[in-house]
Amino acid sequence: MNAFANESIFDTMSIPFHNSGEKIADSACLQKLLIPFYDRKRTVFIDEIVRLEGAGNYTQFFLKDGTKMLVSRTLKEYEILLDNQAFVRVHKSCIVNLGFVRKFFIKKEGELELTDGQQVKISRRRAQVFVDRIRDFQPLALV
């Protein structure tokens, strides 16, 4: 796992999962992920991912166009891969893209609403991290 965490994820070509983030030259630093999906790999722009939900050794991707993709990788692997991006883990089974948060409620049991209408619980343990990240979050303005 250490080798996975230490490798650069933004390379100039698409390669296997552990280096599956790809930087596109001269495109306002848009990045994409190469996701193993069925018998092929699908390229998804990181800013199209609304949220990721984990279930055991599987991760379900929810994209802004309504597409759902089930991948046989753990949520922890994607948490490491998407670190320092616009993503934050709000629950043990959910990572959200801060760019798609419409509103959030911090109360006894925190909850946030995404632009696709879904409501996601925020665990008490992760609430402060979420608040800090959303406060400092500045979406990329595409020119």
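The numbering of the sequence shown is the working numbering, which starts it at 8 and goes up by one. Glycine residues also receive a C-beta, built at the ideal position from the N, C-alpha and C atoms.
- Per the DSSP secondary-structure output, Tyr-65 pairs in a beta bridge with Ala-62.
- Under the three-state reduction of DSSP, Gln-126 is assigned to strand.
- In this structure, the CA atom of Tyr-45 is about 16 Å from the CA atom of Thr-81.
- When only Cα atoms are considered, Arg-109 and Val-51 end up about 22 Å apart.
- Asp-143 and Leu-41 have their alpha carbons spaced roughly 28 Å apart.
- As the crow flies, the alpha-carbon of Asn-91 is around 19 Å from that of Leu-70.
- If you compare the alpha carbons of Tyr-65, Gln-38, Val-57 and Gly-61 with that of Ser-100, the shortest gap goes to Gly-61.
- The straight-line gap separating the alpha-carbon atoms of Arg-140 and Arg-49 is approximately 29 Å.
- Distance from Ile-56 to Gln-38 at the Cβ level is roughly 11 Å; contact not present, criterion being Cβ atoms closer than 8 Å.
- The Cβ atoms of Phe-94 and Ile-102 sit closer than 8 Å to each other.
- The beta-carbon distance between Val-97 and Leu-119, rounded to whole angstroms, is 7 Å. This is short enough to meet the 8 Å contact definition.
- If only uninterrupted beta strand (DSSP E) runs of at least 3 residues are considered, those enclosed by the region 64-144 are 65-70, 75-78, 94-98, 101-104, 108-112, 117-121 and 126-129.
- In this chain, Ile-53 is not harboured by any beta strand (DSSP E), its DSSP state being neither H nor E.
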